[in-house]
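What follows is a set of notes on a single structure, which appears directly below.
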Amino acid sequence: MQIAKFIRVNRIDSQDTESQSDSRELKSEKRWIGIYAVICLIILASAGISDAIDINTIGKAATPGIGDLIESVAWPLWTSFATCYASKPLTAIADSFYSNFVNMVLANPDLDNEMMNNIMLFFIHILEPVYAAIMLLLGVYVILMSGSLAGKKRAKSLVPVIIISMVAVLMSKYIIIAMLSASHSVAQWAIVMAVQSSPTAASASTFDEKTRILTKGTFSPLVEWSKDTWWAAGHWTPQASFIFLALPTVLLLAVMIVLAIRYLVLILFFAIFPMTLFLYSFKATRGIGRPLLEKTILWIFAQGAEGLMFAAVIFGLSAGGILLPVYSMAMQSGMIMAALLALMVAQPLMVLLFKDFLP
1 MQIAKFIRVN RIDSQDTESQ SDSRELKSEK RWIGIYAVIC LIILASAGIS
51 DAIDINTIGK AATPGIGDLI ESVAWPLWTS FATCYASKPL TAIADSFYSN
101 FVNMVLANPD LDNEMMNNIM LFFIHILEPV YAAIMLLLGV YVILMSGSLA
151 GKKRAKSLVP VIIISMVAVL MSKYIIIAML SASHSVAQWA IVMAVQSSPT
201 AASASTFDEK TRILTKGTFS PLVEWSKDTW WAAGHWTPQA SFIFLALPTV
251 LLLAVMIVLA IRYLVLILFF AIFPMTLFLY SFKATRGIGR PLLEKTILWI
301 FAQGAEGLMF AAVIFGLSAG GILLPVYSMA MQSGMIMAAL LALMVAQPLM
351 VLLFKDFLP
């Protein structure tokens with residue numbers, strides 16, 4: 001009776017531990033989603049406040065004289081700095097984004113690269129004698145050492161696992177190519193759909209022209225700075241400039257950095273992919289191989305997630321009429337920055353949400 005009670009208590013404790021672990025993971029995922037939602041709300045709120053300042057529906061400053069001080073002193077200094085020093089590099093950032101973003105989304109490491117091939121072959125050659133030794137030891141165990149039928153049966157059941165693992169390791173390059181092809185096809189399909197089905201800006205038929213939507217409103221001043229037409233038109237206020245100049249720059253760079261990180265991470269995971277398959281094949285080493293295999297798969301298919309997010313962003317901005325002239329530049333900028341934020345977090349969020357999906 002005491003033994004049965006002890007077993008029941010241990011089973012209950014184990015179930016409680018698993019439920020607590022699942023609860024912590026769910027809370028972590030909800031926290032990331034909440035952070036993203038709060039940032040979007042902050043951006044939209046700042047856009048609305050800036051818009052209200054433009055149309056004089058909100059006080060100029062909490063303390064009298066601060067607004068006049070900004071207008072008379074800080075604003076000329078800021079515009080002088082922006083037009084003289086900041087316009088060229090920031091315009092280069094914007095140009096680089098809408099010229100290279102889609103190409104970076106669709107970019108994948110070249111598996112035909114000589115160095116990549118040599119590293120993968122190095123791991124395969126290491127594993128060949130390991131598999132041979134495992135098969136030899138398994139045969140010796142079945143023939144000479146196992147005294148029970150259950151032990152022999154369990155040992156024989158490992159043979160197909162080892163054979164499948166060997167084939168997978170030898171075919172590791174082609175497994176990666178198959179996954180990359182699927183992910184690339186999804187991303188390319190989503191981008192093509194975004195270009196063809198977007199109801200506004202229909203004349204922008206190419207990928208790099210379509211991505212200009214993401215910089216319209218936010219970065220259009222940068223293109224006009226050299227012509228001295230934007231400041232003369234009086235469209236950009238001191239209150240908005242500090243927000244809507246710094247944030248888009250950071251977000252554009254962050255999106256490109258995330259894409260570059262994916263590319264570099266995949267190079268590392270592809271190089272050790274044969275070893276990853278080997279470690280995942282056996283229960284004794286699955287604790288090491290599973291996270292490596294999961295991250296490899298998730299970062300590969302994060303490309304498709306980025307393509308789908310791009311399509312959603314382009315269609316949402318266009319279908320919602322956000323870029324129409326009836327909306328203020330500040331509101332357009334806020335919505336576009338929220339879109340850039342979505343593009344920035346699409347890939348990391350997918351990796352976080354779908355972790356631990358392998359058995």
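Each residue of the sequence shown is one higher than the last, beginning at 1 in my numbering. No residue lacks a Cβ here, since even glycine has one placed at the ideal position from N, Cα and C.
The Cβ-Cβ distance between Glu294 and Ala187 does not fall below 8 Å. The beta carbon of Ala311 lies closer than 8 Å to those of Ala190, Ile191, Met193 and Ala194 in the same chain, with the five residues before and after it left out.
In the displayed model, Phe357 falls within coil according to three-state DSSP, outside both helix and strand.
Boundaries cannot be given for Ile272, as no alpha helix (DSSP H) includes it and DSSP labels it neither H nor E. By alpha-carbon distance to Ser183, the top candidate from Ile314, Val345, Phe301 and Phe315 is Phe301.
When only Cα atoms are considered, Val161 and Leu341 end up about 44 Å apart. In the three-state scheme derived from DSSP, where H, G and I count as helix and E and B as strand, Met171 is classed as coil.
If you compare the alpha carbons of Ser157, Glu114, Leu137 and Ile272 with that of Val169, the shortest gap goes to Ile272. Each residue's CA atom was taken as its position, placing Met256 and Gln303 some 13 Å apart.
Here Val142 has Lys152 and Ala155 as same chain residues with Cβ atoms under 6 Å from its own Cβ, once five neighbours each way along the sequence are excluded. The three-state secondary structure of Pro160, taken from DSSP, is helix. The three-state reading of DSSP puts Ala155 in helix, counting H, G and I together. Counting the other CB atoms within 10 Å of its CB gives Phe123 a total of 16 or more, which places it among the buried residues. According to the DSSP assignment, Ala284 belongs to no alpha helix (DSSP H), since it is labelled neither H nor E.
The alpha-carbon separation between Val105 and Ala346 amounts to approximately 12 Å.
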